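Below you'll find the structure, written out as structure tokens, and then a few comments.
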Amino acid sequence: MVLKTRRYTLLDGVAIPVRCAPISFILQVALRLLNAFVPAGTALFTASFVDTAVAIAQGQGTYMDIIIPSILLLATMGYEMLYTKLLTFVKLGLQNGIRLKYRTALLEKRTRLEYACIESSDDWDLIGRVSVPKSYSTVEEALTTYASLALVGISMVASIVIVLSIIVSYSWWIAVFITVALVPLVWLAVRSGEKIYDATAGVEDSYRKHRYFNEVLTGRQTAAERAVFGYTDKISDEFKKIYTYSIDASYNERKKRFFRMNLGSIVVGIVTLICIALLLVPTLSGVISFGMFVGLVSAMGSLISLMRWPLMNCVATLTEASKYMADLTKFMAMPEAAGATDPANRNIEPFESLTFKNVTFTYPGMDAPVLKNLSFTINKGGHYSFVGVNGAGKTTITKLITGMYRNYEGEILLNGRELSTYTLAELKAYFVCVFQDFARYQISFRDNVELGSGISMDDAAIEDAAKKAGLSGVLTRIGMDAHLGKIEENGIDISGGEWQRVAMARSIASPSEVKILDEPTAALDPIAESEIYNNFRDISHGRTTIFISHRLGSTKLADTIFVLYSGHVAECGSHDELMEQNGLYAEMFDSQRSWYL
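Per my numbering, the sequence shown starts with residue 1, numbered consecutively.
Here it is as structure tokens:
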């Protein structure tokens, strides 16, 4: 298992890539370990080559003596030339492995999250930093580069240690001098990494907004209104403002890091010049050969080259990556809805009743309750309607019934048993819901309907569901296996009303005993809405149905109407009974009467 609920640290930045792409990781380790010896090898082989060449020039050796130093030096230089190309190929394999397995693990976790996490802005921002690919750092990007950077760091540290061990054997105080110079550079790099993460995380909300405005400006769903209203310039200005703010925050911090690291580079350059000057003394006195002097200068050049930018950049990026590991820890600790991905468990008792007893519910992060001491009962085979103005709590009832939220006060009894004791798989078997913001699955017509049943359906069953949803003409026109939407090259885009009927067909195909329509027809005119509700009641004969709407054209179909006001049932009865009471319902119905004439 790639991911599990626990604390993630920098070590996991290596462990996770190993699990995702072990062969690519091992090959990268081998390449980088070999590369760690390149600076020291270059220094030693250069020293040997120069000393041998000088000896030959002085008549103290033969040309055969220089063959081995030449081969070793050329081999080292050749590997250095091929290293980048080989590493790029290996890193691609590592990157693909991480993307495949890490994204799959994230997807599985996201499908199990409690619904409250999806509706929370803070949690959604965290999910974005962990899993949404974008133009700035995420955990996936951190993991993709982390393993490489960790190996780069190990390789650089190994190179530094090896080179310092060579230097210390000739001049220990120069090695100490260089080591001391490393301390402030590493500290600067750590601070830079922390600052960049803070800047990026601080504008997550702005990135979310700019993604939304980008969709408004470029998406297919808004294309018609863009043409009609001509709002492109206005939205574009808002997009530019938010995007500029988001980018500037990260850019400014990266600019500061650039200046800090260049300052460090200047310091390192001064240290290098001092060390070279100090090495001249033992060289001129004969303690160090001229060849070794050239080799040590070459080694220090490689060492300083690492210290100036690569090492600092590596430390800064690893520090930033450690922050994203903390985000991954928080994400994996987010609460899961037990059985969220389980199919409906049809091995249940038949539905008999659903009762709310003094139920009060407040959304997480809000102070005022949406439902207040709400009480009602729904019995088997009845047709019920919940009506009320927007914000009265109608959709919240649906979310509680279907188990999306369980942190309510009071009692919700399903067949006399507390609803919270049922598994989600059992609730899926009892209830099926068509929401106002129903999903438009851009898959085949057949697959769209089968999503409702949870099993494969024969052609006759799909045709029956389509007929009952008023889609016989559409099915005849496009065919059962036609892909809906424009994702597929030969996909067919259907109208908004037809999409709504496809959602209804899913509900019809479901064997669940209680069918809920939560304002799925809000985009239709009242007459069309009333027609759909009439058809739905006819085809739901013998089933329990719940209609939720702020429009009252469908309420005459209900045996019992619950009028919600301020989170509780203000009135209850049949259409005729409520009209006789001449209360809130009668007032609402009279105000809408002209819609249905």
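Every residue, glycine too, gets a C-beta built ideally from N, C-alpha and C. It should be emphasised that the depicted structure is a prediction, and the values quoted were computed from it without experimental measurement.
For residue i, three-class secondary structure by DSSP
i    : result
E114 : coil
N373 : strand
I546 : strand
G573 : strand
Y8   : coil
Y405 : coil
R417 : strand
T560 : strand
D607 : Limits of the chain in this structure are 1 at one end and 597 at the other, which puts residue 607 out of reach.
N410 : Reading off the sequence, residue 410 comes out as Gly, not Asn. The answer is strand: DSSP assigns G410 an E or B state.
N390 : coil
L143 : helix
V161 : helix
S385 : strand
I67  : helix
N379 : strand
E580 : helix
L552 : coil
E336 : strand
D342 : coil
L296 : helix
L3   : coil
Cβ neighbour criterion (16 or more within 10 Å) applied to residue i
i    : result
D458 : exposed
I548 : buried
K323 : buried
W499 : buried
I26  : exposed
A503 : buried
S4   : According to the sequence displayed, residue 4 carries Lys and not Ser. By the neighbour-count rule (16 or more Cβ atoms within 10 Å), K4 is not buried but exposed.
Y408 : buried
I16  : buried
A277 : exposed
R477 : exposed
S48  : buried
T52  : buried
I266 : exposed
N35  : buried
K357 : exposed
T76  : buried
L284 : exposed
C20  : buried
Extent of the continuous alpha helix (DSSP H) to which residue i belongs
i    : result
K357 : Careful: K357 lies outside any alpha helix (DSSP H), inside the beta strand (DSSP E) at 353-361.
Y430 : 424-430
I494 : Taken as a continuous stretch (DSSP letters only), I494 belongs to no alpha helix (DSSP H), as it is neither H nor E.
I348 : Unbroken run through I348: none, as it is neither H nor E.
L475 : 472-478
K467 : 459-468
V130 : 121-131
Cα-Cα separation between residue i and residue j, rounded to whole angstroms
i    : j    : result
I401 : R551 : 22 Å
I508 : K468 : 8 Å
N345 : G497 : 32 Å
N347 : H383 : 24 Å
S121 : V370 : 19 Å
F259 : A321 : 21 Å
M334 : A425 : 21 Å
G339 : E80  : 53 Å
R99  : E140 : 7 Å
A299 : L11  : 30 Å
L273 : L279 : 10 Å
L44  : M292 : 8 Å
F177 : F290 : 22 Å
G473 : G452 : 21 Å
C433 : Y102 : 32 Å
L318 : I23  : 23 Å
Y83  : G365 : 53 Å
L31  : L74  : 18 Å
N490 : N415 : 48 Å
A586 : D559 : 16 Å
R129 : V90  : 26 Å
Endpoints, the beta strand (DSSP E) within which residue i is located
i    : result
E587 : Unbroken run through E587 is the alpha helix (DSSP H), 584-592; no beta strand (DSSP E).
F445 : Not the beta strand (DSSP E): F445 falls in the alpha helix (DSSP H), residues 445-453.
K515 : 514-518
Checklist entry - Of all the beta strand (DSSP E) runs that stay within the bounds of the stretch 34-60, which reach a length of 3 or more residues? => result DSSP runs (the beta strand (DSSP E)) wholly in the stretch 34-60: none.
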